[in-house]
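What follows is one structure encoded as structure tokens, with my remarks underneath.
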Amino acid sequence: MTDQPRSVDRRLPLKPKVLHILLSLADGPRHGYSIMQEVASRSGGQVRIWPAGLYGALRELEDQDLIVESGKRPVDDDERRRYFGLTPLGKRVLNAEVSRLEAIVDLARASRALRKA
Amino acid sequence: MSPHRAYNRLLSLLRGSDPQSDREMKADAALLLDAARQRGRGAVAATWLALIWDLISGTAQDLSRANRSLLRAPGFALTVSLLLGLGVAATTTLFALVDAVLLAPLPYQDADRLVAVWESNVPQNRLREGPSPGNLTDWAANNDAFEAITGFWRAQATLRGRDGSAPVTGIQVTSGFFDVFRQSPILGRTFAPDEYPGRLSITSGRTGGGEPALVLSHRLWQTLGGDPAIVGGTLQAEGRTWRVLGVMPATFAVPDTNAAFWTPWDPRAAYRDGPPREARFLSVVGRVKPELSIAAAADRMKTLAARIAADHPNTNADWTVDLVPLRDELVRSSRTELLLVFGAVFGLLMLVCANVASLSIARRTARARDTAIQLALGAGRRRIIREHFAETALCAALTALVAILFTTLSLGVAVAFAPADIPRLHEVDINSRVVLFAIALAMIATTIGVLLPGVRGGSAAITPALKDGAPLSGQRAGRVRRALVVAEIAVTVVLLVGAGLLARSFASLQRVDPGFNVQNLLVLRIAPDVTRYRGQQVIEYYNRVLDSIREVPGVAAAAAVTVLPMSTIGSDFYRPYWLDGAKPAGNVMPQANVRMASPGYFATLGLRLVAGREFALQDTVQSPRVIVINESLAQAAWPGQDPLGRELILDYQGGATSRQIVGVVRDARYKGPRSEPSPEIFIPHAQNPYLVMNVVVRTTMEPAALAQTARTQALKIDPDQPVHSITTMERLLDDTLQEDRFAMLFVALFAAAGLITAASGVYALLAYTVGQRRREIAVRMAIGASSSSVARLIVMESMMLAAVGCVAGALGIAAVSRLARSVLFGIAPTDPLTLMATAIVLLAVVLAASWLPARKAARINPVAAMRI
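Those sequence lines, one after another, are chains A and B. Residue numbers for the first sequence follow my numbering, beginning at 11 and rising by one. Residue numbers for the second sequence follow my numbering, beginning at 18 and rising by one.
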């Protein structure tokens with residue numbers, strides 16, 4: 011049931027924080043601290059996520075089935091940490107959000123005022 | 018506690034639903050803080066704040082997701098946190114000041130072994146006088162209590178640079194100074210032992226013992242451009258060239274932050290007849306030997322002092338030595354003020370807590386029905402209590418956050434505006450102790466304001482609360498709220514009386530007659546080059562400068578003097594005197610303050626002559642030596658007799674000379690309205706040429722308008738001689754009252770804040786009561802009570818509160834009046850006018866606060882109120 015496209019669309023648009031978390035997981039599972047670092051470095055320090063906000067969001071995303079605690083663990087494993095990965099639904103929601111943003115960017119590019127600039 | 022552990026505490030306080038997440042959060046926070054530490058203290062502070070904020074907002078989001086009670090009414094948590102946060106911030110600011118000034122150790126190695134050394138003569142009631150150079154020299158050579166001992170004194174010097182000159186304070190230190198304080202310079206070096214012998218004082222105009230050398234303060238170094246190359250270079254001061262040996266760190270402030278440089282001084286070389294024993298003016302600090310307690314060191318010093326007294330009974334009989342830990346010594350003068358202010362702030366915080374508690378009780382009673390419904394529907398009491406705790410924790414965290422933010426702001430403001438002479442103020446900083454204090458106080462404040470007043474909510478009985486129309490507020494809650502309002506009024510009464518007394522005390526300080534006419538007086542200071550003017554050249558120079566200034570239209574008179582009234586510039590010269598004949602035996606030697614004045618000084622100042630004449634141009638080195646004395650000295654030396662024409666022998670400048678009294682002048686309060694006049698001797702400037710003088714100008718117009726013209730006129734005579742510190746006498750008088758003004762404004766501010774808090778407390782209580790008693794009032798009106806009698810009922814209740822509060826406040830005043838007496842001037846702590854005015858103001862404000870609730874009660878429509 012959660013695989014219905016309607017259920018994907020209903021979750022959009024994503025909150026910026028959620029989008030950044032999902033993006034950081036796109037290349038594979040990460041633990042919480044690594045998500046914080048990744049988000050900060052990808053955005054050049056523009057976006058920072060702090061622990062309480064992060065773990066609250068992770069629990070919410072888990073509840074919504076967008077991410078799942080991952081069994082795959084890297085070699086330099088820290089056993090006290092949980093690793094999170096995208097679920098198939100999570101991947102689809104992320105893709106749908108990216109497509110939605112692309113459409114908005116196309117729309118913006120097509121506008122004459124912006125093209126001039 | 019490290020930020021890590023503080024964060025962990027806060028986290029376990031706020032969360033706890035998900036242990037795994039909490040563990041990871043702790044680890045992450047530790048990593049983030051460690052990473053921030055690489056980037057410096059600012060980054061740590063920023064990260065720390067971001068983490069706290071994240072924790073609070075994250076927890077709030079969790080709670081709102083769980084549909085907990087709090088965020089249904091976020092206004093309550095925000096209001097409470099802002100109110101309490103401001104109160105905690107004010108208290109924390111004062112704590113930071115008290116912490117830095119009173120509690121923190123001095124920034125020297127093994128600072129607890131540093132003691133200030135004083136001389137006291139109990140039979141003569143001369144306590145805590147600065148040791149004399151002669152005694153210090155003996156102590157330094159013969160004591161077995163100290164590893165090192167040093168004496169120092171301050172002198173005003175004029176620093177000359179390419180772009181003009183500036184007056185600075187130089188500290189002249191005897192050998193061992195840097196061994197006592199054990200502070201290394203940040204640049205260069207301090208003085209070697211062989212650089213002390215032979216050094217004369219800065220202002221002596223002579224050089225002794227090799228090239229003049231000095232060590233700069235951090236501040237003066239920064240003012241001069243902060244170039245490290247200054248070490249090894251030279252500075253021009255007091256007509257000589259000084260070699261700069263080193264620069265001290267910014268924390269080194271001996272004796273205070275005014276110290277611009279330190280220079281060696283040798284008491285053996287400075288006096289022709291050897292270091293004097295009876296001139297007691299030095300500041301002396303010793304480093305107690307590590308194996309000795311301070312008490313043991315004091316015993317040894319007392320033994321030594323007794324031995325010296327036996328050898329030199331004329332100067333030292335009855336004189337003994339006191340040792341005071343240096344930290345106690347430094348803060349002695351500010352302790353009472355700081356603790357008073359701290360008490361006032363804490364009182365204000367308690368007021369805020371009382372108001373918040375009152376708010377919480379009102380909220381609890383208003384929600385009693387909700388709670389009862391929750392309980393009836395099967396919610397566990399435990400859960401309701403846990404929610405209440407979570408809510409309190411959130412309020413506490415928000416309060417702490419608000420408090421830390423506002424403390425940061427207010428500390429900057431406080432340091433900028435506090436009186437300049439509070440010692441160690443420059444060391445104030447937000448450190449972990451201050452942050453912890455804020456957090457602890459925030460917890461206490463929220464416990465008082467939120468947790469305790471609300472905690473009965475969980476035990477509310479279900480059925481009575483659910484009954485329609487049941488009285489929602491318990492009798493007990495009402496009594497507690499009334500008691501809180503009474504407490505608020507009581508504290509406000511104390512603050513109001515304090516403000517009133519300080520204002521009256523300030524007014525009487527301003528009314529004090531300083532002894533002369535302070536209006537229309539311009540003053541300026543001239544510090545000529547000692548190598549350029551000597552002896553009679555100095556007199557000629559000043560005569561020409563004064564003539565030049567007198568030419569200016571608007572100038573009525575001009576004169577010169579060594580030390581001006583009200584001015585902190587220039588030092589006192591207390592010298593012994595006696596009446597004709599030989600120097601009396603024994604050690605009781607009266608002293609008088611000696612000043613040099615030019616002809617016309619008393620007329621210019623408006624200082625009335627009681628008898629005789631003032632100095633004239635005919636009083637020169639060739640003419641007989643004359644003096645003018647003040648009334649205090651006349652009274653002391655010739656009680657009830659005419660002193661004119663009598664001789665007085667003054668031991669001054671190495672010789673006892675007889676001088677004839679030609680005039681008696683009124684007493685002036687030389688150091689501000691609080692000071693008592695002391696015996697004074699004036700010598701004609703021409704009979705004792707003195708280089709650095711204050712010029713005082715009587716004007717017929719606004720004196721400040723003539724400042725530049727007067728300066729130009731003085732520079733016309735010699736453009737190379739610096740003219741500075743131009744100001745008016747009224748400004749100088751005003752400056753002596755700076756501390757009193759600060760105290761008055763500060764307490765007035767708190768009294769106003771207290772008044773507002775009490776008024777809002779009264780208003781909130783009455784408005785709530787009127788709401789609760791709607792039905793009862795409606796019944797009264799239905800059976801014939803008039804609107805005005807209902808309004809009177811409400812007003813009477815507020816007046817009762819005010820009356821009880823006033824009585825409680827009066828008890829508080831009685832408790833603090835002993836402390837207040839030392840601060841007040843010319844007024845008793847029980848001044849009836851102030852007490853009356855306070856009562857009237859308070860009753861008026863309470864009356865005004867009860868106006869709206871009373872009107873509301875009077876307008877209750879009995880029919881509408883009874884229908885519900």
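Each residue gets a CB set at the ideal place from its N, CA and C atoms; glycine is no exception.
Alpha-carbon spacing of tyrosine 594 of chain B relative to glutamate 648 of chain B, whole angstroms: 16 Å
Per-residue DSSP class, three states only, for glycine 168 of chain B: strand
Cβ-based burial, threonine 717 of chain B [other Cβ within 10 Å; buried from 16]: exposed
Sequence-distant residues of its chain with Cβ nearer than 6 Å to leucine 123 of chain B (five each side left out): Arg344
N- and C-terminal bounds of the beta strand (DSSP E) containing threonine 621 of chain B: Careful: threonine 621 of chain B lies outside any beta strand (DSSP E), inside the alpha helix (DSSP H) at 618 to 622.
Neighbour flag for arginine 21 of chain A against chain B, beta carbons, 8 Å: no
Proline 706 of chain B burial status per 10 Å Cβ neighbour count (16 or more: buried): buried
C-alpha gap between arginine 625 of chain B and alanine 722 of chain B, whole angstroms: 26 Å
Below-8 Å beta-carbon distance, glutamine 37 of chain B vs any chain A residue: yes
Beta carbon proximity, proline 61 of chain A to chain B, threshold 8 Å: yes
Whole alpha helix (DSSP H) elements within the segment 523 to 575 of chain B, 4-residue minimum: 553 to 567
Residue burial classification, aspartate 659 of chain B (beta-carbon count within 10 angstroms, cutoff 16): exposed
Neighbour flag for glycine 66 of chain A against chain B, beta carbons, 8 Å: yes
Cβ separation of isoleucine 59 of chain A and leucine 68 of chain A, assumed to be a contact under 8 Å, to the nearest whole Å: That pair is no contact at about 10 Å.
Where arginine 91 of chain A meets chain B, residues with beta-carbon distance less than 8 Å: Glu41, Ala44
Amino acids of chain B, ordered along the chain, whose beta-carbon sits closer than 7 Å to that of glycine 42 of chain A: Glu41, Asp45
Amino acids of chain A, ordered along the chain, whose beta-carbon sits closer than 8 Å to that of aspartate 71 of chain B: Trp60, Pro61, Ala62, Gly63
Reference leucine 501 of chain B; option with closest CA among B:Ala871, B:Ser310, B:Ala371: B:Ala371
Where arginine 22 of chain B falls, given that 16 or more other Cβ within 10 Å makes a residue buried: exposed
Proximal residues of chain A, C-beta to C-beta of serine 74 of chain B below 8 Å: Ala62, Gly63
Spatial neighbours of leucine 394 of chain B in its chain, beta-carbon cut-off 6 Å, leaving aside the 5 residues before and after: none
Cβ-Cβ separation, glutamate 697 of chain B to leucine 762 of chain B (assumed contact under 8 Å), whole Å: In fact, because the Cβ distance is near 34 Å, the residues do not count as touching under 8 Å.
Span separating the alpha-carbon of leucine 237 of chain B from that of alanine 209 of chain B: 22 Å
Alpha-carbon to alpha-carbon, threonine 416 of chain B and glutamate 48 of chain A: 33 Å
Selected residue, minimal CA-CA separation from leucine 233 of chain B, among B:Gln253, B:Gly263, B:Glu255: B:Gly263
Close beta carbons around leucine 563 of chain B, own chain, < 8 Å, minus the five adjacent residues each side: Ala575, Ala576, Ala577, Ser615, Val712
First and last residue of the uninterrupted alpha helix (DSSP H) at glycine 54 of chain A: Premise fails: glycine 54 of chain A is in no alpha helix (DSSP H) and is neither H nor E.
Beta strand (DSSP E) segments (min. 3 residues) lying fully within the segment 242 to 327 of chain B: 251 to 254, 257 to 264, 276 to 281, 300 to 305
Environment of proline 609 of chain B [buried if 16+ CB atoms lie within 10 Å]: Just to set this straight, residue 609 of chain B is alanine in the shown sequence, not proline. Counting Cβ neighbours within 10 Å, alanine 609 of chain B comes out buried, since at least 16 surround it.
Distance CB(isoleucine 556 of chain B)-CB(histidine 702 of chain B) smaller than 8 Å: yes
CB of leucine 24 of chain A within 8 Å of CB of glycine 95 of chain A, strictly: no
Beta carbon proximity, alanine 67 of chain B to chain A, threshold 8 Å: yes
Cβ neighbours of glutamine 126 of chain B in the same chain (closer than 6 Å, five flanking residues each side left out): Arg199
8 Å Cβ cutoff met for proline 61 of chain A and aspartate 45 of chain B: yes
Residue-level contact to chain A via CB, leucine 783 of chain B, 8 Å cutoff: no
Run of the beta strand (DSSP E) containing aspartate 735 of chain B, from where it starts to where it stops: Neither: aspartate 735 of chain B is in no beta strand (DSSP E) and is coded neither H nor E.
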